[in-house]
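Student:
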Amino acid sequence: MTARNVEGPRGALSYRLKRMREHGLKQPISGQDRSRAAPDAVVDAGWGRLIFAQTFDGAQPVINALREEESGKRDIAVYIRDPHVAMAAAPQEVFLDPSHTYRLDLSTYRASRRRPKGFFVRRLCSEADARAVNIIYAGRGMVPVEPDFFWRQRDSRSQTFLVAEDNATGEVLGAVTGIDHGRAFADPERGSSLWCLAVDARAPHAGIGEALVRRLAELFLARGCGFMDLSVLHDNSSAIALYEKLGFRRAPYFTLKRKNTINEKLFIAPVPEQGLNPYARIIVDEARRRGIGVEVLDAEGGFFKLTHGGRCVVCRESLSELTHAVAMSRCDDKSVTRRLMLEAGVPTPEQMSLPANTTDLSEAEAFLEKHGSVVVKPARGEQGRGVSVGIETPEDLRAAFQDARALGGAVLIEQCVSGEDLRVLVINDAVVAAALRKPPEIRGDGAKTARQLIEALSRRRAAATGGESKVPLDSETERNLARAGYSLDDIPKAGDIIQVRRTANLHTGGSLHDVTDGLHPAIARSALAAARAIEIPVVGVDFIVTAPDQPGHVFIEANERPGLANHEPQPTAERFIDLLFPLSASRKT
Numbered sequence: 062m063t064a065r066n067v068e069g070p071r072g073a074l075s076y077r078l079k080r081m082r083e084h085g086l087k088q089p090i091s092g093q094d095r096s097r098a099a100p101d102a103v104v105d106a107g108w109g110r111l112i113f114a115q116t117f118d119g120a121q122p123v124i125n126a127l128r129e130e131e132s133g134k135r136d137i138a139v140y141i142r143d144p145h146v147a148m149a150a151a152p153q154e155v156f157l158d159p160s161h162t163y164r165l166d167l168s169t170y171r172a173s174r175r176r177p178k179g180f181f182v183r184r185l186c187s188e189a190d191a192r193a194v195n196i197i198y199a200g201r202g203m204v205p206v207e208p209d210f211f212w213r214q215r216d217s218r219s220q221t222f223l224v225a226e227d228n229a230t231g232e233v234l235g236a237v238t239g240i241d242h243g244r245a246f247a248d249p250e251r252g253s254s255l256w257c258l259a260v261d262a263r264a265p266h267a268g269i270g271e272a273l274v275r276r277l278a279e280l281f282l283a284r285g286c287g288f289m290d291l292s293v294l295h296d297n298s299s300a301i302a303l304y305e306k307l308g309f310r311r312a313p314y315f316t317l318k319r320k321n322t323i324n325e326k327l328f329i330a331p332v333p334e335q336g337l338n339p340y341a342r343i344i345v346d347e348a349r350r351r352g353i354g355v356e357v358l359d360a361e362g363g364f365f366k367l368t369h370g371g372r373c374v375v376c377r378e379s380l381s382e383l384t385h386a387v388a389m390s391r392c393d394d395k396s397v398t399r400r401l402m403l404e405a406g407v408p409t410p411e412q413m414s415l416p417a418n419t420t421d422l423s424e425a426e427a428f429l430e431k432h433g434s435v436v437v438k439p440a441r442g443e444q445g446r447g448v449s450v451g452i453e454t455p456e457d458l459r460a461a462f463q464d465a466r467a468l469g470g471a472v473l474i475e476q477c478v479s480g481e482d483l484r485v486l487v488i489n490d491a492v493v494a495a496a497l498r499k500p501p502e503i504r505g506d507g508a509k510t511a512r513q514l515i516e517a518l519s520r521r522r523a524a525a526t527g528g529e530s531k532v533p534l535d536s537e538t539e540r541n542l543a544r545a546g547y548s549l550d551d552i553p554k555a556g557d558i559i560q561v562r563r564t565a566n567l568h569t570g571g572s573l574h575d576v577t578d579g580l581h582p583a584i585a586r587s588a589l590a591a592a593r594a595i596e597i598p599v600v601g602v603d604f605i606v607t608a609p610d611q612p613g614h615v616f617i618e619a620n621e622r623p624g625l626a627n628h629e630p631q632p633t634a635e636r637f638i639d640l641l642f643p644l645s646a647s648r649k650t
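Our numbering applies: residue 62 is where the sequence shown begins, and numbers increase by one.
#1: As a quick exercise: from 449, 493, 480, 467, pick the residue whose alpha carbon is nearest that of residue 474.
#2: For residue 373, which residues from the same chain have a beta carbon less than 8 Å from its beta carbon, with the 5 sequence-adjacent residues on both sides left out?
#3: Where does residue 230 land, buried or exposed, given buried means 16+ other C-beta within 10 angstroms?
#4: For the candidate residues 286, 313, 624, whose alpha-carbon lies nearest to that of residue 160?
#5: Where does residue 632 fall in DSSP's three states?
#6: Return the bridge partner residues of residue 289 from the DSSP annotation.
#7: Per DSSP, residue 439 forms a beta bridge with which residues?
#8: Straight-line CA distance for residue 116 to residue 141?
#9: Between residue 532 and residue 570, how many whole angstroms is the CB-CB distance? I'm expecting something under 8 Å.
#10: Do you know offhand how far residue 521's Cα is from residue 102's?
#11: Which residues in the same chain as residue 146 place their Cβ atom closer than 6 Å to its Cβ, once the five residues preceding and following it in sequence are excluded?
#12: Using only CA atoms, which one of 509, 466, 157, 487 lies nearest to residue 632?
#13: In whole angstroms, what is the alpha-carbon distance linking residue 643 and residue 504?
#14: Grab the span of the alpha helix (DSSP H) containing residue 481 for me, first residue to last.
#15: Exposed or buried, which one is residue 326 when buried takes at least 16 other CB atoms within 10 Å?
#16: Looking only at its own chain, which residues have a Cβ that is under 6 Å from the Cβ of residue 656, when we skip the five neighbours before and after it?
#17: For the stretch 94-134, which segments carrying the beta strand (DSSP E) assignment without a break, of at least 3 residues, lie completely within its bounds, in sequence order?
#18: Determine the DSSP secondary structure at residue 640, reduced to helix, strand or coil.
#19: At what residues does the beta strand (DSSP E) containing residue 309 begin and finish?
#20: Between the C-alpha atoms of residue 640 and residue 285, what's the straight-line distance to the nearest angstrom?
#21: Should residue 82 be labelled buried (16 or more other beta-carbon atoms within 10 Å of its own) or exposed?
#22: To which residues does DSSP link residue 412 through a beta bridge?
#23: Which whole-angstrom value describes the C-beta separation of residue 162 and residue 290, a residue pair presumed to lie in contact below a C-beta threshold of 8 Å?
#24: Under a Cβ-count criterion, where at least 16 other Cβ atoms within 10 Å of its own Cβ denotes burial, should residue 192 be classed as buried or exposed?
#25: What are the start and end residues of the alpha helix (DSSP H) that includes residue 264?
#26: Candidates 196, 208, 481: which alpha carbon is nearest residue 107's?
#27: Going by Cα to Cα distance, which pick from 324, 492, 144, 183 is closest to residue 204?
#28: May I have the straight-line CA-CA distance separating residue 586 from residue 614, to the nearest angstrom?
#29: Using a 10 Å radius around the Cβ and a threshold of 16 neighbouring Cβ atoms, would you call residue 636 buried or exposed?
#30: In terms of alpha-carbon separation, which member of 567, 514, 526, 524 lies closest to residue 542?
#31: Hey, could you find the ends of the beta strand (DSSP E) residue 323 is sitting in?
#32: Just to confirm before moving on: does the CB-CB distance between residue 157 and residue 317 stay below 8 Å?
#33: According to DSSP, simplified to helix, strand and coil, what is residue 379?
#34: In the DSSP assignment, find the alpha helix (DSSP H) that holds residue 432 and state where it starts and stops.
#35: Which class does residue 560 belong to by DSSP, given the choice of helix, strand or coil?
#36: According to DSSP, simplified to helix, strand and coil, what is residue 420?
Printed below as a string of structure tokens:
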């Protein structure tokens with residue numbers, strides 16, 4: 062499916078000026094004119110309602126409309142001109158959203174000559190699209206929308222839903238919603254607004270957000286709209302920079318919301334966390350929501366202490382005092398872990414071990430010849446450091462051995478099993494989340510070098526993970542580029558997809574794709590068996606699987622400090638706090 066072109070800016074501008082003349086306007090109205098707009102205008106956006114305050118007769122009716130908000134929804138009253146008056150009407154119920162309103166004057170908008178590369182923008186047109194958009198919303202902490210809502214609105218004249226689709230894979234990479242104010246409530250200003258711009262944090266392409274904003278602006282311009290407004294959190298510097306680059310300017314309008322659990326972070330002042338990383342912060346935030354005391358002990362190391370009802374637990378991210386030293390040592394030494402898995406009946410690939418000081422790799426070369434492809438990794442280590450996957454030649458074997466033993470200790474040579482990399486999170490003897498881990502890859506554009514493409518990918522991954530993920534420019538990355546026929550300073554051909562790492566660890570640029578709901582029972586059983594064999598309450602169990610919904614799998618390793626934030630929107634932090642403080646649980650686990 063290809064994107065259809067909208068009417069060009071010149072024709073749209075002429076149409077807009079004609080409509081303005083029909084209304085007797087010389088420029089967009091700057092004041093409030095209720096007489097020509099539908100009164101008490103409310104638009105259901107799926108995640109909540111948009112309450113257009115300029116169509117209401119005073120503040121109290123706006124407050125009354127906000128009081129009709131449904132459970133689990135987020136209503137927004139927009140175009141509040143006198144926020145002090147509105148706040149005074151119900152100070153205990155509503156708050157002033159800490160967002161700026163930005164406006165794009167469509168009469169001065171100029172379309173970009175650059176076309177999207179690797180993706181295209183189209184209308185949302187199926188339930189599968191709706192499900193994909195909800196996954197993106199969940200990853201961004203946004204309120205999901207019932208897929209049926211999108212379908213019911215497919216012929217709407219007032220709402221427009223656009224998505225960005227990957228040319229190669231067909232995946233939905235981003236979404237945006239637009240409201241045509243003229244069609245929604247006969248707005249005399251012929252305004253429009255942009256809502257719910259969201260881009261998948263794992264998207265491999267740059268410029269997706271800009272393309273969605275531009276396409277929506279050009280669509281409204283073609284309809285004769287005078288401007289397009291949006292609301293953006295005051296501290297979202299990257300989004301504000303994009304909007305200002307496109308010509309948006311601050312507008313003197315404010316937004317009102319109800320005080321509810323969804324909006325809690327916006328009206329309760331955050332407690333300074335002194336630089337906690339996302340893996341510690343997600344746990345601390347959940348603890349505070351339950352009234353559990355938090356003391357940050359070492360922000361850089363991710364250490365904090367939780368106190369509730371006379372009980373005190375010290376944690377380092379998801380590693381707590383409940384994980385004993387023996388369980389940690391079992392995870393730390395991969396050869397020990399493997400023996401435990403064999404005893405527990407968990408499928409495990411063939412493996413051999415070499416001391417770090419050995420100079421004779423003949424046995425390892427014979428192992429390579431037997432299996433054709435091997436994985437080389439340090440017996441102890443984490444976050445993918447020193448791991449080389451898909452070694453197929455004696456030369457690469459020797460180089461990989463040097464990389465692994467540089468971290469100290471024995472080196473493991475393991476049968477390389479083809480399949481997908483799966484992380485299963487087990488908390489308190491229950492599978493809480495499962496996610497496919499995808500290795501990082503770049504896509505050539507015929508202009509940038511491999512180094513530039515990797516650096517751009519690293520910037521996107523770092524932005525999406527709070528600085529936790531980026532692709533190292535090391536010998537393993539160079540080896541994978543060489544497999545594809547490139548060096549770091551070569552320019553890959555346009556359209557070439559190059560996997561720059563074979564491992565899918567988040568810290569080396571990998572990305573996660575939630576598959577919890579479709580996890581095969583056989584894999585879940587093995588994950589639970591692994592956790593029980595190690596005797597550990599919280600663990601990330603890694604498998605190579607045929608597919609997450611198929612039974613075929615082999616165990617790779619276990620991580621005693623899995624990143625809970627990587628598995629949102631699954632309730633990982635909730636289940637972790639349930640484990641530490643069972644009496645604080647507000648619902649059944």
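Built from N, CA and C at the ideal position, the CB exists for glycine as well.
Quantities reported herein were computed from a predicted structural model and do not represent experimental measurements.
Tutor: Let's see:
#1: 449
#2: 366, 367
#3: exposed
#4: 313
#5: coil
#6: 165, 253
#7: 472
#8: 10 Å
#9: 4 Å
#10: 39 Å
#11: 120
#12: 487
#13: 47 Å
#14: Where residue 481 is concerned, there is no enclosing alpha helix (DSSP H), although the beta strand (DSSP E) it sits in stretches over 481-488.
#15: exposed
#16: Summary: the structure shown does not reach residue 656, with the chain confined to residues 62 through 650, and so no result is reported for it.
#17: 103-105, 110-113
#18: helix
#19: Run containing residue 309: none; DSSP gives neither H nor E here.
#20: 57 Å
#21: Per-residue confidence for residue 82 stands at a pLDDT of 41, beneath the threshold of 50, marking its modelled position as unreliable; no derived number is given.
#22: 475
#23: 6 Å
#24: exposed
#25: Neither: residue 264 is in no alpha helix (DSSP H) and is coded neither H nor E.
#26: 208
#27: 324
#28: 11 Å
#29: buried
#30: 514
#31: No beta strand (DSSP E) contains residue 323, which DSSP labels as neither H nor E.
#32: yes
#33: coil
#34: 423-432
#35: strand
#36: coil
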